[in-house]
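In this note's numbering, the protein residues as written are 4 to 586. Beta carbons are placed, not taken as given, at the ideal position from N, Cα and C, and that holds for glycine.
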């Protein structure tokens with residue numbers, strides 16, 4: 004990529020320099036000492052790696068074109084920027100002088116850019132000519148096998164966590180089901196109604212509260228497994244090899260967090276299944292003109308679920324809609340009818356139906372987590388504010404405990420402080436406080452940037468530590484539902500503990516537990532699609548990407564895996580989309 008304009012005689016010193024900068028970046032980022040014996044080994048490996056890729060670029064100019072090179076460099080620049088934003092505190096650790104900090108950041112940025120750009124070049128050289136082998140013979144038993152394999156893989160967790168895993172969010176929804184508290188759309192009311200339907204059926208048949216909750220858990224398990232089964236059926240229809248489908252089945256059936264989430268009463272779980280269903284239906288509509296109504300019906304139902312099962316799903320759908328209509332402009336009437344039906348159904352439930360059931364909506368504070376954190380960060384860092392600005396802040400919040408309660412990646416503390424103050428005044432003067440937020444941002448941009456990074460970093464950077472699927476049991480509550488495991492003992496507990504820890508222990512496998520790694524993988528897949536000049540196909544990534552963008556705009560927690568579970572649940576499809584052959 005960087006060697007092509009130079010002669011072979013000049014290539015070696017250029018590669019040596021690039022290898023040195025890459026080594027420097029890796030050593031600084033990983034904490035590897037400059038005296039480590041690994042340093043010369045890594046330097047040699049980088050040199051040989053870069054040299055090999057440079058030769059491939061020269062040998063395959065018809066594949067690695069200027070167009071592909073430009074895409075690789077653009078994505079490399081994006082990844083380098085994210086790397087520097089996330090790692091700048093550790094890269095400059097121990098350096099007080101601003102000039103030294105800038106030099107280190109520049110050197111690490113250059114080295115990381117070389118490393119990523121060569122890797123992306125290698126990826127594109129291998130990927131651009133590749134397509135899935137066409138398999139005209141459909142194996143009808145594989146989707147059914149996938150369905151039962153997922154249920155079988157998740158069933159031990161159901162027995163161990165019987166009747167379900169329930170956190171405070173889950174209990175609040177159950178309290179609404181039991182009319183212990185008023186209906187609220189803070190946790191999507193439509194999902195609460197699904198819980199109520201299955202709970203009511205279970206209680207009618209058994210008269211037991213635990214069994215009633217278990218009815219919903221079993222339904223959710225079947226729904227999530229059916230989503231995977233339909234994905235596999237779609238991939239087979241598109242010509243995927245049987246081996247690929249078995250690997251996908253293993254991913255869903257054996258990676259432990261899928262089983263944990265399948266038995267957890269969270270709106271995020273079924274929302275993630277609806278994203279997979281919607282993207283799969285969109286894939287069928289993109290590659291085929293389905294004669295059976297199933298794809299259209301699933302597109303309609305999953306679209307409604309996306310709009311209703313998470314508040315950010317509604318915004319993700321609205322964001323995607325104009326692009327979807329443009330991509331399908333040759334079938335505009337068909338897609339317009341489908342999407343208008345989704346919007347109409349969602350709006351009817353959101354407005355007249357919820358009003359009829361007296362459902363309260365989330366407060367304004369819930370939607371301004373990031374601006375709230377940025378403003379709090381300015382106060383916590385003792386930045387200068389005018390008397391007028393202090394007066395505005397004191398009108399809505401007691402600043403006495405801000406410094407004690409402020410957490411860089413957790414907005415709930417600040418939200419509760421505002422709610423304990425005067426949130427009504429804030430809602431009545433939104434424009435005034437928007438101008439306050441904007442003026443502080445213009446005055447202290449670095450503080451706002453650091454606050455934003457700390458609030459969102461888990462969703463866009465791979466190497467961030469957080470727990471995934473480590474929840475257990477049912478919290479104490481007044482609904483009468485309690486955890487009553489049907490299997491247990493030291494062996495079961497230890498096996499579950501080991502499965503949960505493998506993500507932190509095994510290299511590469513741990514990437515399956517990283518939201519940031521999956522986002523980077525999705526971006527790489529989009530880059531391959533663009534390198535192949537299949538621009539229209541990028542629309543298939545948009546609904547899932549839009550969900551992540553909504554998190555980057557308003558997430559309350561910096562690294563909550565369940566919020567981005569839709570990305571993890573759809574990642575097998577994203578990884579295969581660039582290689583599907585046009586029918």
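Give the straight-line distance between the Cα atoms of residue 546 and residue 394, rounded to the nearest whole angstrom.
Against the chain shown, residue 546 aligns to sequence position 543. Against the chain shown, residue 394 aligns to sequence position 391. C-alpha separation (whole angstroms): 42 Å.
Keeping to the same chain, check which residues put their C-beta closer than 8 Å to that of residue 410; ignore five residues upstream and five downstream.
The sequence position of residue 410 within the chain shown is 407, counting from 1. If we look at residue 410 and ignore the five residues flanking it on each side, its Cβ neighbours are 416.
Quick check: the region 273-283 against the region 308-316, are there 3 or more CB pairs under 8 Å?
Counting C-beta pairs with one atom in each stretch, the region 273-283 and the region 308-316 have three or more that are closer than 8 Å, which means they touch.
Helix or strand or just coil, what does DSSP make of residue 9?
On the chain shown, position 6 is the one that residue 9 refers to. With a pLDDT of only 45 at residue 9, under 50, the local geometry of the prediction cannot be trusted, and no value is derived from it.
Can you tell me whether residue 182 is buried or exposed, with buried defined as 16 or more other CB within 10 angstroms of its CB?
Working through the chain shown from its first residue, we reach residue 182 at position 179. Burial call: exposed.
Quick check: the region 454-473 against the region 515-527, are at least 3 beta-carbon pairs closer than 8 Å?
Yes: at least three Cβ pairs fall under 8 Å.
Neighbourhood of residue 9 by C-beta, 7 Å cutoff - its chain only, sequence neighbours within 5 removed:
As a first step, residue 9 is located in the chain shown; it is residue number 6 there, counting from the start. With a pLDDT of only 45 at residue 9, under 50, the local geometry of the prediction cannot be trusted, and no value is derived from it.
Could you check which residue in 241, 578, 561 and 187 has the C-alpha nearest to that of residue 544?
One-based indexing of the chain shown puts residue 544 at position 541. Of the listed residues, the one whose Cα sits closest to residue 544 is 578.
Go to residue 442, then tell me how far its alpha helix (DSSP H) extends in each direction, as first and last residue.
Here the question's residue 442 lines up with position 439 in the chain shown. Counting along the chain, residue 442 sits inside the alpha helix (DSSP H) bounded by residues 433-446.
Using alpha carbons as the reference points, say which of 440, 498 and 126 lies closest to residue 532.
Within the chain shown, numbered from 1, the residue matching residue 532 stands at position 529. Checked all of 440, 498 and 126; the closest Cα to residue 532 is 126.
C-alpha distance - residue 230 paired with residue 280, whole-angstrom precision
On the chain shown, residue 230 is found 227 positions in, with the first residue counted as 1. On the chain shown, residue 280 is found 277 positions in, with the first residue counted as 1. Rounded to whole angstroms, residue 230 to residue 280 spans 6 Å at the Cα level.
7 Å Cβ cutoff met for residue 461 and residue 469
For this step, residue 461 is matched to residue 458 along the chain shown. For this step, residue 469 is matched to residue 466 along the chain shown. One thing to note: residue 461 has its Cβ within 7 Å of the Cβ of residue 469.
With a threshold of 16 other CB atoms inside 10 Å of the CB of residue 156, please say whether the residue is buried or exposed.
By one-based count along the chain shown, residue 156 stands at place 153. With a 10 Å radius around the Cβ and a threshold of 16 neighbouring Cβ atoms, residue 156 comes out buried.
Can you look up residue 300 in the DSSP assignment and give me helix, strand or coil?
Counted from its first residue, the chain shown places residue 300 at position 297. Three-state DSSP puts residue 300 in a helix.
Kindly list the residues whose CB is nearer than 6 Å to the CB of residue 587, restricted to its own chain and excluding five residues on each side of it in sequence; keep chain order.
A query on residue 587 cannot be resolved here, the shown segment of the chain reaching from 4 to 586 and no further.
Report yes or no: do three or more beta-carbon pairs, one from the region 160-167 and one from the region 204-224, lie closer than 8 Å?
Pairwise C-beta distances place the region 160-167 in contact with the region 204-224, as three or more of them are shorter than 8 Å.
If you draw a straight line from the alpha carbon of residue 414 to that of residue 333, how long is it in whole angstroms?
Within the chain shown, residue 414 is the residue found at index 411, counting from 1. Within the chain shown, residue 333 is the residue found at index 330, counting from 1. Going from the Cα of residue 414 to the Cα of residue 333 covers about 45 Å.
Report yes if the C-beta distance between residue 516 and residue 550 is below 7 Å; otherwise report no.
In the chain shown, residue 516 corresponds to position 513, counting from 1. In the chain shown, residue 550 corresponds to position 547, counting from 1. Between residue 516 and residue 550, the C-beta gap is not smaller than 7 Å, which leaves the two residues out of contact.
Can you tell me which of the three DSSP states residue 347 falls into?
Here the question's residue 347 lines up with position 344 in the chain shown. In the three-state reduction of the DSSP assignment, residue 347 falls in the helix class.
Less than 7 Å between C-beta atoms, sequence neighbours within five positions excluded: which residues of the same chain meet that for residue 270?
Counting from one through the chain shown, the residue named residue 270 turns up at place 267. Hits under 7 Å: 190, 191, 194, 312 and 313.
Pick from 149, 200 and 569 that is closest to residue 250, judged by C-alpha positions
Reading the chain shown from its first residue, position 247 is the one you call residue 250. Per the Cα distances, 149.
Closest Cα partner of residue 71 within the set 98, 105, 89 and 121
Here residue 71 refers to the residue found at position 68 of the chain shown. If we check each option's Cα against that of residue 71, 121 comes out closest.
Is the beta carbon of residue 538 less than 7 Å from the beta carbon of residue 362?
Locating residue 538 in the chain shown gives position 535, where the first residue counts as 1. Locating residue 362 in the chain shown gives position 359, where the first residue counts as 1. For the pair residue 538 and residue 362, the CB atoms are not nearer than the 7 Å cut-off.
With DSSP run on the structure shown, which of helix, strand or coil describes residue 541?
Stepping through the chain shown from its first residue, residue 541 is reached at position 538. Reduced to three states, the DSSP call for residue 541 is helix.
In terms of alpha-carbon separation, which member of 391, 494 and 259 lies closest to residue 513?
The count along the chain shown starts at 1 and reaches residue 513 at position 510. Taking the Cα of residue 513 as reference, the smallest distance to any Cα among 391, 494 and 259 is reached at 259.
Closest to residue 396 by C-alpha separation, out of 435, 370 and 178, would be which residue?
Mapped onto the chain shown, residue 396 falls at position 393. With distances taken between CA atoms, residue 396 lies nearest to 435 out of 435, 370 and 178.
Distance between residue 90 and residue 153 (C-alpha atoms, nearest Å)
Here residue 153 refers to the residue found at position 150 of the chain shown. Here residue 90 refers to the residue found at position 87 of the chain shown. CA-to-CA, the gap between residue 153 and residue 90 works out to about 38 Å.
Among residues of its own chain, excluding the 5 on either side of residue 418, which ones have a beta-carbon nearer than 6 Å to its beta-carbon?
Looking up residue 418 in the chain shown gives position 415. Closer than 6 Å at the Cβ level, and outside the excluded window around residue 418, lie 368.
Could you pull out every unbroken alpha helix (DSSP H) segment of at least 4 residues lying fully inside the region 81-157, listed in chain order?
When DSSP assignments are scanned along the region 81-157, the uninterrupted stretches of alpha helix (DSSP H) that are 4 or more residues long and fall wholly within it turn out to be 101-130.
Would you tell me roughly how many angstroms separate the C-alpha atoms of residue 504 and residue 214, rounded to the nearest one?
For this step, residue 504 is matched to residue 501 along the chain shown. For this step, residue 214 is matched to residue 211 along the chain shown. Straight-line Cα distance between these residues: approximately 31 Å.
Residue from 473, 448, 383 and 202 whose Cα sits closest to the Cα of residue 1
Only positions 4 to 586 of the chain appear in the structure, and residue 1 is not among them; the question remains open.
Tell me whether residue 267 sits in a helix, a strand or coil according to DSSP, three-state version.
Taking the first residue of the chain shown as position 1, residue 267 is located at position 264. Here DSSP, grouped into helix, strand and coil, assigns residue 267 to strand.
Candidates 392, 451 and 427, of which the one nearest residue 439 by Cα:
If you number the chain shown from 1, residue 439 lands on position 436. The shortest Cα separation from residue 439 among 392, 451 and 427 belongs to 392.
Can we say the region 24-44 touches the region 106-116, given the rule of at least three CB pairs closer than 8 Å?
Yes, they touch.
Helix or strand or just coil, what does DSSP make of residue 381?
Here residue 381 refers to the residue found at position 378 when the chain shown is read from its first residue. Three-state result, residue 381: helix.
Just the Cα atoms here: how many angstroms apart are residue 302 and residue 27?
Counted from its first residue, the chain shown places residue 302 at position 299. Counted from its first residue, the chain shown places residue 27 at position 24. Each residue's alpha carbon lies about 49 Å from the other.
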